[in-house]
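Read through the structure below, which is laid out as C-alpha cells, and then see the notes.
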Amino acid sequence: MENKPRHFIQRIIDEDNVTGKFENRVHTRFPPEPNGYLHIGHAKAICLSFGIADEFGGKCNLRFDDTNPIAEEEEFVQSIQADVEWLGYAWDNLCFASDYFQQMHDYAVDLINKGSAYVCDLTPEKIRKTRGSLTQPGEDSPFRDRSVAENLDLFQRMANGEFEDGSRTLRAKIDMAHPNMNMRDPVIYRILKAYHHRTKDDWCIYPMYDWAHGLEDSIEGITHSLCSLEFEDHRPIYDWFLDELDVYHPQQIEFARLNLSYTVMSKRKLKRLVEDGHVSGWDDPRMPTISGYRRRGYTPASIRKFMDEIGVAKRDNVMEVTKLESTLREDLNKRCERRMAVLNPLKVVITNYPEDESETLSAVNNPENESAGRREVPFSNELYIERDDFMEDPPKKFFRLGPGREVRLRYAYFITCNDVIKDDNGTITELHCTYDPETKGGNAPDGRKVKATLHWVSAHHAVDAEVRLYDRLFKVPSPDGEENFIDALNPESLRVMNGCKLEPSLINAEVGVPVQFERLGYFCKDSDTNEFPIFNRTVPLRDAWAKIEKQNQSGQKK
RNA sequence: UGGGGCGUCGUCUAACGGUAGGACACCGGGUUUUGGUCCCGGCAGUCGGGGUUCGAGUCCCUGCGCCCCAGCCA
Numbered sequence: 056m057e058n059k060p061r062h063f064i065q066r067i068i069d070e071d072n073v074t075g076k077f078e079n080r081v082h083t084r085f086p087p088e089p090n091g092y093l094h095i096g097h098a099k100a101i102c103l104s105f106g107i108a109d110e111f112g113g114k115c116n117l118r119f120d121d122t123n124p125i126a127e128e129e130e131f132v133q134s135i136q137a138d139v140e141w142l143g144y145a146w147d148n149l150c151f152a153s154d155y156f157q158q159m160h161d162y163a164v165d166l167i168n169k170g171s172a173y174v175c176d177l178t179p180e181k182i183r184k185t186r187g188s189l190t191q192p193g194e195d196s197p198f199r200d201r202s203v204a205e206n207l208d209l210f211q212r213m214a215n216g217e218f219e220d221g222s223r224t225l226r227a228k229i230d231m232a233h234p235n236m237n238m239r240d241p242v243i244y245r246i247l248k249a250y251h252h253r254t255k256d257d258w259c260i261y262p263m264y265d266w267a268h269g270l271e272d273s274i275e276g277i278t279h280s281l282c283s284l285e286f287e288d289h290r291p292i293y294d295w296f297l298d299e300l301d302v303y304h305p306q307q308i309e310f311a312r313l314n315l316s317y318t319v320m321s322k323r324k325l326k327r328l329v330e331d332g333h334v335s336g337w338d339d340p341r342m343p344t345i346s347g348y349r350r351r352g353y354t355p356a357s358i359r360k361f362m363d364e365i366g367v368a369k370r371d372n373v374m375e376v377t378k379l380e381s382t383l384r385e386d387l388n389k390r391c392e393r394r395m396a397v398l399n400p401l402k403v404v405i406t407n408y409p410e411d412e413s414e415t416l417s418a419v420n421n422p423e424n425e426s427a428g429r430r431e432v433p434f435s436n437e438l439y440i441e442r443d444d445f446m447e448d449p450p451k452k453f454f455r456l457g458p459g460r461e462v463r464l465r466y467a468y469f470i471t472c473n474d475v476i477k478d479d480n481g482t483i484t485e486l487h488c489t490y491d492p493e494t495k496g497g498n499a500p501d502g503r504k505v506k507a508t509l510h511w512v513s514a515h516h517a518v519d520a521e522v523r524l525y526d527r528l529f530k531v532p533s534p535d536g537e538e539n540f541i542d543a544l545n546p547e548s549l550r551v552m553n554g555c556k557l558e559p560s561l562i563n564a565e566v567g568v569p570v571q572f573e574r575l576g577y578f579c580k581d582s583d584t585n586e587f588p589i590f591n592r593t594v595p596l597r598d599a600w601a602k603i604e605k606q607n608q609s610g611q612k613k
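Everything in the first sequence is counted per my numbering, starting at 56 for the first residue and increasing by one.
See below:
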C-alpha cells in the first residue's frame, strides 16, 4: 500500500499543525444556500470538507447559509440534509446563518461605531454607476461621511422597517479606488421586507454574503474554510471584516470546483431544467443532482471513490463523465447480484422440449462474490431472448444466434436455430430451435464449444416490466459553452422500453438497490409505479460488440 | 491597458532541484458459461523564448494563453 500524495489543502493543514496555528484543531464546514438541490459538484465540496475533518480527527458542520430569504425554501433544507446523510457523512453541528442574525447585527453596530461603516442612500443603479469599472476607480458616496450617531440612527430605522426595500444600505467604508472591486465599499446589509423560512418576519434587513460568511465561520470556530475559486477575490474582504472586528479569524482556502463533460452544473441552469419541464424534477435520474444519482442507482461509495480519485487542486478542470461511470461500474460489479432480463424480446420455441413441462436451473448470483450464493431460474419450451442477439444474415464478427447456429443459453442448454418465422411484413416473430439435453447447465460432454452465451427468460414465468434507458442529458461535451444550453439537450436521453421480460426473482427487487441484468447493465427499481414494475438503467455494461458495430459503420461510410 | 488565480499525455492528477509516474479514455492481446469482470502490452505530456545550475516541470526574467471579479446573489 503506497501512500497517496497529499493535496495542497492537506499540506496547508499539516503545516498549521506543526506551527500550532489553530492549536492543532481542525474544524471545517459545508455551507450550502438552501435555494436548490445539491449536485455532484457539491458532493466534491462535501467529500473534501467532511473528509478533511475525518482524516484529521476534527469536526465538520453542516451550515445553511440562509441569508437571502427570497431564494430559499424549507424544502431545500430538508433535501440537502438527506443528501449529505446519503453520501455517508454525519455533521457535528447543524447550523443556520439565520441563527446569528442578531449577533451579526451587533457586529455591524460595532463597525459603525468604529467609523468603518455607513448608511448609504444611493439607489442600486447609482451604486453601480459610482463603483467605477475594472480599469476606473469608483467615486465616494455622498453619504460616506455621515456621523456615527446619524449612521446608528439610520441603521436602527432600517432594521425597524421604516424605509422601503432598496432605498438604503449599510456599506463598509473601505476604498472606492481599490483595484479589487469587492473592496469598493461593499454593501453589507440590504433592506428586504421578506418572509424568511426560519426567522419569519423578525427581520427586514438581511446581511450580504461577504459580511455574513466570515462571521459565521468565526462564530462557529471554524479553522479551515474551504470554498471554490471564485471566492479568491473575496478573501481580502473576509480577512478585512474579521480583522476590523478583532474576532477569531479562520483561514479561507480556495479549490477548483468540479465540472463534468456533457453536464451543466450551475444551480440556475438545473433549476431551469426543472421549472421548464425538460426533466421530471430535481431527482430525475438524468439530473446531476445527488438525488438524481441516488434514484438512478449510483452508490454513495462510488461517488466518494470518484472524488477521492480526481484529486483537489486549483486549476480549472472538466472531468470526463466516463471517469465517473468507470468508478461506478467498478463498485457495482463487486456489489451487484446478477439477474436475467430481456428488454426487447424475441420469442424462441424449443420444439423438442415438452410443452407442458418446466424445470429450474441453478444460476450464480455474483461471480465476484461467492457468498452471494445461487438462485433457481425457471426454464420451459417458450423463451424470450434479446432481439439484438439474433441476425438472419450475420456479419463475420457477429457470433450470436443465426440460422443453423448453435449458442449457449446461460446456465441452461445449447440451442440450435432451425427456423425463422415471420409475419406478412417480413418481421421476425419467433425462432424455432432445438435444445441438446446433454448440455444442461451449459457444458457439452463432448467438449464442443459455442461462440456465444445469451441471456434469456422463460416466457411462461416472465414478469412484465417497464425499463427506462438513460443516456447523457446533453449531446455536446460542453453545454455551458453553447449559446443556449437548452438547444444542446439530448432528445434521446430517455428511452422507455415497455413489454420487457424479467426473470421471476426480480419481483422481490428493492427500490433503489442496483442489480446487474446480465450482458446489459446495472438497473434498479424506481419508486414510480404503474401496473408494471419500473426499472431504471443506472449504467450500461461496457459493450465490445457495440464498438465493433460502430467501427464497421464508419468503415462502410468511407 | 485594474486586481486575483491557473498553465504537465485526449481528460484528471503526481513529481517539492535528481529516471516525467498513475488513473480514465483510446489501441492491441490473453482468460472467460456475461462481447462484462480480470490479466498483459501499447499510444501519449511539462505553453513559448531566454537565464541560473553538474542537473530545471520545479528557481529567475520575459512573452503567450485560459479562468474569475463592475448583484442591494451566494
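Cβ atoms here follow ideal geometry from the backbone N, Cα and C, with glycine treated the same way.
- Setting aside the 5 residues that flank it on each side, F453 is surrounded in the same chain by M446, each with a C-beta closer than 6 Å to its C-beta; the list follows chain order.
- Distance from E275 to R84 at the Cβ level is roughly 6 Å; contact confirmed, criterion being Cβ atoms closer than 8 Å.
- Taking C-alpha positions only, D501 is separated from T489 by approximately 18 Å.
- By the criterion of at least three beta-carbon pairs nearer than 8 Å, the stretch 527–536 is not in contact with the stretch 400–411.
- If only complete runs of 3 or more residues are kept, the stretch 212–240 shows the beta strand (DSSP E) at 224–227, in order along the chain.
- DSSP lists F572 and P595 as the beta-bridge partner residues of G576.
- Judged by beta-carbon spacing, T224 lies within the 8 Å limit of C175, meaning their Cβ atoms are closer than that value.
- By the Cβ neighbour-count rule, F63 is exposed, with fewer than 16 other Cβ atoms within 10 Å of its own.
- At least 8 Å separates the beta-carbon of G567 from that of R394.
- In the pairwise beta carbon analysis, the stretch 333–348 is classified as not touching the stretch 551–568: fewer than three pairs are separated by under 8 Å.
- Inclusion of L281 and L103 in the CB contact set at 8 Å is warranted, their separation being smaller than that value.
- A contact between stretches requires three or more CB pairs, one per stretch, nearer than 8 Å, and the stretch 408–428 fails this requirement with the stretch 540–551.
- In terms of Cα proximity to A152, the closest of S202, G193, I107 and H251 is H251.
- In its chain, beyond the 5 residues on either side, E423 have a beta carbon closer than 7 Å to the beta carbon of N388.
- The shortest C-alpha to C-alpha distance from E88 to any of A368, E130, K255 and N235 is the one to E130.
- Pairing G112 with Y92, the inter-Cα distance amounts to about 29 Å.
- Inter-segment contact for the stretch 378–392 and the stretch 568–576 is present: three or more beta-carbon pairs are separated by less than 8 Å.
- Under the three-state reduction of DSSP output, T471 falls in the strand class.
- Fewer than three beta-carbon pairs drawn from the stretch 321–339 and the stretch 281–300 are found closer than 8 Å, and the two stretches are therefore not classed as touching.
- Here the alpha carbon of E586 sits roughly 41 Å from the alpha carbon of I125.
- In this structure, the CA atom of H97 is about 15 Å from the CA atom of W146.
- Within the stretch 86–130, the runs of alpha helix (DSSP H) that reach at least 4 residues and sit entirely inside it are, in chain order, 95–110.
- In this structure V397 is not in contact with E461, their Cβ atoms being roughly 20 Å apart against a cut-off of 8 Å.
- Around the beta carbon of D265, a 10 Å sphere encloses 16 or more other beta carbons of the protein chains shown; the residue is thus reported as buried.
- Collapsing the DSSP output to three states places I243 in a strand.
- With contacts defined as CB atoms closer than 8 Å, V367 and F286 fail to qualify as a contacting pair.
- Within the same chain, V531 and A543 come within 8 Å of E537 by CB-CB distance, once the 5 residues on both sides are set aside.
- Rounded to the nearest angstrom, the gap between the Cα atoms of S582 and K451 is 43 Å.
- For Y303, the closest alpha carbon among the candidates R61, Y162 and S283 is that of Y162.
- With a contact defined as Cβ atoms closer than 8 Å, E437 and K402 qualify at about 6 Å.
- For Q191, the secondary structure class from DSSP, reduced to helix, strand or coil, is coil.
- Contact annotation: K369 and D386 have beta-carbon atoms that are not nearer than 8 Å.
- Leaving aside the five residues that flank D120 on each side, the residues in its chain whose CB is nearer than 6 Å to its CB run, in chain order, P86, E88 and A152.
- In this structure, R183 and R239 do not form a Cβ contact; the two beta carbons are roughly 11 Å apart against a cut-off of 8 Å.
- For Y162, the enclosing alpha helix (DSSP H) covers residues F156 to N168.
- In the DSSP assignment, R370 forms no beta bridge with any residue.
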